[in-house]
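See below for the structure under consideration.
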Ligand code: UP5
Ligand code: MG
């Protein structure tokens, strides 16, 4: 996809910052295809016959990053399938969250147009994730895993945001507001990028 046939927007932000929630709304109003790296990994984990089930399960529970080969292959496949059906605009949610992924994806799959980044205090994210954990069934929505996810986000994923920020390719939105208000801020921010 190196010749600009697809446009890719990365959506980053801490665990529970609202990436998935906001992406769903953008799909409805702006015709994006939403690809959540976490959702793709969870689907692969529960796919019968997957070679990576256990590896993915461990990384998700421990809040660490699954090796890039696995995640990039899943994303590339999903982009390809949707492209063949005529889609060209993609929100890639929760990826790249490590420098090696950012570089490999942009070199071998597609360059990102920009990154939509949700700024969010940890206290807010913690409250949301603990609440969601009552019903989500996610193996990482518990206090031990959440703490590890926060740590990985700060140590491993923030450098990716800084890397794109230095290139002038990060659009920041505060997540600490109602879903509707955040969405209105997202739309305003995207307008500055011609969307
Ligand atoms: N909520 C949302 N917005 C709200 C608002 N404005 N006000 C009040 N409540 C709000 O939202 C979280 C919860 O908050 C929901 O209950 C929602 O209703 C409420 P959501 O939209 O789900 O937030 P999101 O940022 O998507 O949170 P998520 O938990 O999905 O973020 P993570 O980044 O932690 O999870 P992800 O699925 O991306 O990754 C999980 C794991 O997969 C990682 O920890 C890692 O182990 C692995 N992974 C990789 O290894 N590599 C990758 O590339 C990607 C993932
Ligand atoms: Mg999500």
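In UniProt numbering, the protein residues as written are 84 to 278. For glycine and all other residues, C-beta sits at the position ideal for the given N, C-alpha and C. Note that this is a predicted model, so its numbers are computed, not measured.
Cβ separation of residue i and residue j, assumed to be a contact under 8 Å, to the nearest whole Å
{"i": "residue 97", "j": "residue 236", "result": "5 Å"}
{"i": "residue 93", "j": "residue 150", "result": "Residue 93 to residue 150, Cβ: 19 Å. No contact."}
{"i": "residue 181", "j": "residue 228", "result": "That pair is no contact at about 18 Å."}
{"i": "residue 205", "j": "residue 233", "result": "6 Å"}
{"i": "residue 124", "j": "residue 143", "result": "7 Å"}
{"i": "residue 108", "j": "residue 266", "result": "5 Å"}
Other residues of its chain near residue i: CB distance less than 6 Å, five sequence neighbours each side excluded
{"i": "residue 99", "result": "208, 211, 212"}
{"i": "residue 184", "result": "151"}
For residue i: DSSP bridge partner residues
{"i": "residue 200", "result": "95, 255"}
{"i": "residue 172", "result": "90"}
{"i": "residue 117", "result": "174"}
{"i": "residue 195", "result": "91"}
Any non-hydrogen atom of ligand 2 within 7 Å of residue i CB
{"i": "residue 119", "result": "yes"}
{"i": "residue 102", "result": "yes"}
{"i": "residue 86", "result": "no"}
{"i": "residue 114", "result": "no"}
{"i": "residue 223", "result": "no"}
{"i": "residue 177", "result": "yes"}
Proximal residues to residue i (C-beta, below 8 Å), its chain only, five neighbours per side dropped
{"i": "residue 136", "result": "127, 128, 129, 130"}
{"i": "residue 138", "result": "149, 150, 153"}
{"i": "residue 287", "result": "Residue 287 lies beyond the range of the chain shown here (84 to 278); nothing can be said about it."}
{"i": "residue 263", "result": "none"}
{"i": "residue 222", "result": "140, 143, 144, 228"}
Any non-hydrogen atom of ligand 1 within 7 Å of residue i CB
{"i": "residue 220", "result": "no"}
{"i": "residue 136", "result": "no"}
{"i": "residue 242", "result": "no"}
{"i": "residue 261", "result": "yes"}
{"i": "residue 187", "result": "no"}
{"i": "residue 98", "result": "yes"}
{"i": "residue 108", "result": "no"}
{"i": "residue 124", "result": "yes"}
Beta-carbon spacing of residue i, residue j below 8 Å
{"i": "residue 113", "j": "residue 176", "result": "no"}
{"i": "residue 173", "j": "residue 162", "result": "yes"}
{"i": "residue 256", "j": "residue 198", "result": "no"}
{"i": "residue 105", "j": "residue 244", "result": "no"}
{"i": "residue 192", "j": "residue 155", "result": "yes"}
{"i": "residue 91", "j": "residue 195", "result": "yes"}
{"i": "residue 103", "j": "residue 231", "result": "no"}
Proximal residues to residue i (C-beta, below 7 Å), its chain only, five neighbours per side dropped
{"i": "residue 203", "result": "96, 97, 100, 258, 259"}
{"i": "residue 216", "result": "224, 225"}
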